[in-house]
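So for the first sequence, the working numbering puts the first residue at 22; every next one is plus one. Everything below concerns the one structure shown next.
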Amino acid sequence: MGPSAADTDRGVYGISVAAELVGMGPQTLRLYEQRGLLEPERTEGGTRRYSEDDLHRLRRIGELLDDGLNLAGIVMVLGLERDNARLQATNTRLRARRH
DNA sequence: CTTCTGACA
DNA sequence: TGTCAGGA
Numbered sequence: 022m023g024p025s026a027a028d029t030d031r032g033v034y035g036i037s038v039a040a041e042l043v044g045m046g047p048q049t050l051r052l053y054e055q056r057g058l059l060e061p062e063r064t065e066g067g068t069r070r071y072s073e074d075d076l077h078r079l080r081r082i083g084e085l086l087d088d089g090l091n092l093a094g095i096v097m098v099l100g101l102e103r104d105n106a107r108l109q110a111t112n113t114r115l116r117a118r119r120h
């Protein structure tokens with residue numbers, strides 16, 4: 022794997038680099054944040070720092086956008102996916118205890 | 001780099 | 001509605 026473990030939630034990329042990596046414009050990334058799809062870290066100076074998780078999220082947003090969803094719908098889908106992942110994890114733990 | 005506003009399909 | 005261009 023990566024050298025120094027997996028803190029993929031740590032903001033490292035500036036907005037220009039992040040936008041370049043996911044094939045979007047910087048303004049688009051700002052809009053997504055304004056709409057509540059994303060919340061990258063901020064430096065003390067107030068500039069955004071996008072994490073690897075943020076990049077995955079941005080690519081997921083691109084997919085859903087491609088599927089014809091609007092930003093409001095994507096917010097809901099991402100929320101449901103997060104909830105679902107949590108439920109699945111809980112479900113797996115319960116099964117392991119063999120109730 | 002930031003936020004904000006207007007134009008376009 | 002989402003994206004982009006330009007200004008402050």
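All C-beta atoms, glycine included, are put in the ideal place defined by N, C-alpha and C. Being a predicted model, the structure only gives us computed values, none of them experimental.
Nearest to residue i by alpha carbon, out of the options?
i	options	result
Val-33	Arg-63, Leu-85, Arg-51	Arg-63
Asp-122	Asn-112, Asp-75, Arg-80	Here the chain covers residues 22 to 120 and nothing more, so residue 122 does not appear.
Ser-72	Val-38, Ile-82, Pro-61, Arg-81	Pro-61
Arg-31	Asn-112, His-77, Leu-92	His-77
Would you call the CB atoms of residue i and residue j closer than 7 Å?
i	j	result
Val-96	Gly-46	no
Val-98	Leu-79	no
Ala-40	Leu-52	no
Arg-81	Ile-36	no
What is the DSSP secondary structure of residue i, counted as helix, strand or coil?
i	result
Glu-62	strand
Could you give the first and the last residue of the continuous alpha helix (DSSP H) run that contains residue i?
i	result
Ala-27	Note, Ala-27: premise wrong, no alpha helix (DSSP H); not H, not E.
Thr-68	Segment: none, Thr-68 is in no alpha helix (DSSP H) and carries neither H nor E.
Met-97	92-117
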